[in-house]
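Residue numbers (my numbering): 4 to 517. Quick reminder that beta carbons are idealized off the backbone N, C-alpha and C, glycines included. The structure displayed is predicted, hence computed values, not measured ones. Data first, discussion second: the structure below is written as structure tokens.
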Amino acid sequence: MSFAVVAAVLMCSMCACAAAQDGRRTVPMVLLGSDEPISAYVREVFQDRDGVYWFGTNGDGLARYDGAELTYITVKDGLGGSAIRGIVQDDDGALWFATDGGVSRYAGGVFRNYTVDDGLSAGDVWSIMCDRNGTIWVGTHEGVCRLVGERFAAFSLPRVEVDDPESRFSPRVVFAMIEDGEGNLWFGTDGEGVHRYDGAAFASFTAADGLAGNMVRSLCADRNGNIWIGTEGGGASRYDGATFTTFTEANGLSNDRVFEIYEDRAGNLWFSTLGAGACRYDGESFRAFREDPELLISGRPAHSHVQEFFQDRDGVMWFGCSGGLFFLDGDALVHVTKAGPWPEKPRFASLENWLSETFELPPGFAPDMPSGSESLRFAPGWRTPEAEGFWSYAFVMTIDEAEPDMDRVESLLETYYTGLMSAFAGDRDISAVPVRVELERIGDGRYAGEMHLVDAFATFEPKVLRVMADTARVSEARSSVAVRVSAQPDGHAIWRMLEAAIREIRAKDDTATP
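Have a look at this one:
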């Protein structure tokens, strides 16, 4: 069966096709065969640095997919609990899981579990975060804890009085935590709004301050510096640093029970709701991805609760639902069962025809770069404007300095490309359009954005390129910066090959691997 046919048959229960948009009834479907969902409740989706997928379920532990095989990891294998409510990866590559049985650290194939005996305030853990300093934070049923050495220590949040107090469990429960671009930490509580911590003092925000509601389920910091707050029953609020703007069903949300908020690489915001599917916000309007109530999955009624969004390194958007695992294929949501299907492989079959080069840093065209080395892989047609691979290549710089932050990565790329384009331009003056790199933080040590320059490779015209970069610590005074550049938009198949090129470079160059 072709992928197109499979995608049509396995359309998700929330598919927002044109028929749903203009009010026409979607044809109910039944998934044929005996393929079982990966889990009835998929609430976490994560891809680690090696490209391996980890799917956290609400009772089946972890499902792990390495591109070839789907396996399950449960408490019998050493996992702390059966319900997975958060997944992060630290600077050393260890994976951390928030579970209903404490916190589990996974490294080298071995679990280390943390419980109340290790300082946790409660065994039920609802959220987890690794901040820019590498500290692990968790939100438990009894408040916030952070890892200090080998033990967790309580981190007290302020208590505030609210009108008409309401909680699902208790105001001490912290369902969501994020770190914003300024390094502030935000904590979303079950009944007492949100708290912001700047490293020295707290600021608290509740419905009395304009927040959509006091029961906070989700937090998201967007690329423009706004904080988005999803509430249970009040919709979502956007905080610009001064005022709250609230979005509800009246503004286009699928409903006002907002479980998750996520910003994709294109800058769209995704809102998951309990009971009404999901919707996407492009800054002007909402697009609903709703359930067909008569659609069955594996012969059972589908669910409309969306619990997770995640965009992988190839640009594929994943949805974890009460009903299984899905990925977005165009405007259709494809149900992934234990037997697949998985997103199709990129059109570029291999790196066989990709050119390679390695040289020492700093290069002659950019003497202000730090010392080190650089390894590159170039897509076929990288200097041919008509080619699909035009301006598409990947490189890893191993530099003799500490791991750079986002501002330093921008500076390194601007210095590098100013020299490179000037060298290729020769006698032509391209200074009227200086190189400008604008990145946004999309994860721990991971950035995405745009580069503006004059294309001195071929056209000598101003060009805007997509850039992705991630950093890693090699030692205290040595780090690596992995960069992917392409003229193709996010989601194009070339990005998968750029990721493969980075993995190949790192595999061949031990000095570029942390």
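What does the alpha-carbon distance come out to for the pair residue i and residue j?
| i | j | result |
| --- | --- | --- |
| Thr-29 | Gly-280 | Confidence in Thr-29 is poor, its pLDDT being 28 and thus under 50, which makes the residue's placement too unreliable to answer from. |
| Tyr-200 | Ala-71 | 43 angstroms |
| Pro-346 | Val-337 | 9 angstroms |
| Ser-173 | Thr-138 | 25 angstroms |
| Cys-133 | Asp-93 | 6 angstroms |
| Asn-227 | Phe-250 | 17 angstroms |
| Ile-402 | Glu-479 | 11 angstroms |
| Asp-166 | Thr-209 | 10 angstroms |
| Asn-356 | Trp-394 | 15 angstroms |
| Thr-234 | Arg-52 | 31 angstroms |
| Thr-387 | Ser-489 | 13 angstroms |
| Ser-482 | Arg-108 | 24 angstroms |
| Asp-317 | Gly-62 | 28 angstroms |
With H, G and I counted as helix, E and B as strand and the rest as coil, what does DSSP make of residue i?
| i | result |
| --- | --- |
| Leu-35 | Low per-residue confidence applies at Leu-35: pLDDT is 31, beneath 50, and the placement is therefore not dependable, though the value from the model is reported in the following sentence. In this structure, Leu-35 counts as coil in the three-state DSSP scheme. |
| Arg-499 | helix |
| Arg-509 | helix |
| Val-165 | coil |
| Phe-463 | coil |
| Val-48 | strand |
| Val-438 | coil |
| Ser-425 | helix |
| Thr-474 | strand |
| Thr-77 | coil |
| Ala-451 | strand |
| Arg-386 | coil |
| Ala-504 | helix |
| Asp-332 | strand |
| Ser-42 | coil |
| Met-400 | strand |
Pop quiz: residue i and residue j are said to be a contact at Cβ under 8 angstroms. What is the actual Cβ separation, rounded to whole angstroms?
| i | j | result |
| --- | --- | --- |
| Thr-474 | Val-412 | 7 angstroms |
| Thr-248 | Arg-260 | Not really, about 19 angstroms apart at Cβ, beyond 8 angstroms. |
| Ser-378 | Leu-364 | In fact, because the Cβ distance is near 11 angstroms, the residues do not count as touching under 8 angstroms. |
| Thr-60 | Val-45 | 6 angstroms |
| Val-106 | Val-91 | Not confirmed; about 10 angstroms, so no contact. |
| Glu-263 | Leu-272 | Actually they are not in contact, since the Cβ atoms of Glu-263 and Leu-272 sit about 11 angstroms apart, beyond 8 angstroms. |
| Cys-282 | His-308 | Actually they are not in contact, since the Cβ atoms of Cys-282 and His-308 sit about 14 angstroms apart, beyond 8 angstroms. |
| Leu-222 | Ile-181 | 5 angstroms |
Determine whether the beta carbon atoms of residue i and residue j lie at a separation below 8 angstroms.
| i | j | result |
| --- | --- | --- |
| Phe-368 | Gly-422 | yes |
| Gly-472 | Val-486 | Reading the sequence as shown, one finds Ala at residue 472 and not Gly. Going by C-beta atoms, Ala-472 is nearer than 8 angstroms to Val-486. |
| Asp-493 | Arg-469 | yes |
| Ala-110 | Ala-101 | no |
| Arg-506 | Gly-54 | yes |
| Met-424 | Val-438 | yes |
| Ser-130 | Gly-146 | no |
| Gly-64 | Ile-76 | yes |
| Ile-232 | Ala-224 | no |
| Val-339 | Met-400 | no |
| Gly-191 | Pro-168 | no |
Beta-carbon of residue i versus every beta-carbon of chain C: anything under 8 angstroms?
| i | result |
| --- | --- |
| Leu-277 | You won't find chain C in this structure, because it holds only one protein chain. |
For this session: Output the residue ranges of the beta strand (DSSP E) runs that lie fully inside the region 212-298 and measure 3 residues or longer, sorted by chain position.
Result: Correct list: 219-224, 230-234, 238-242, 247-250, 261-266, 272-276, 281-284 and 289-292.
- Message: Quick check for students: name the residue ranges of the beta strand (DSSP E) that lie wholly in the region 337-370, counting only runs of 3 or more.
- Response: 358-364
task: Scan the region 128-216 and note each continuous beta strand (DSSP E) run of 3 residues or more that stays entirely inside, going in chain order.
output: 128-133, 139-143, 146-151, 154-158, 177-182, 188-192, 197-200 and 205-208
Taking only runs of the beta strand (DSSP E) that begin and end inside the region 94-130, which ones reach a length of at least 3 residues, in chain order? 98-102, 105-110 and 113-117
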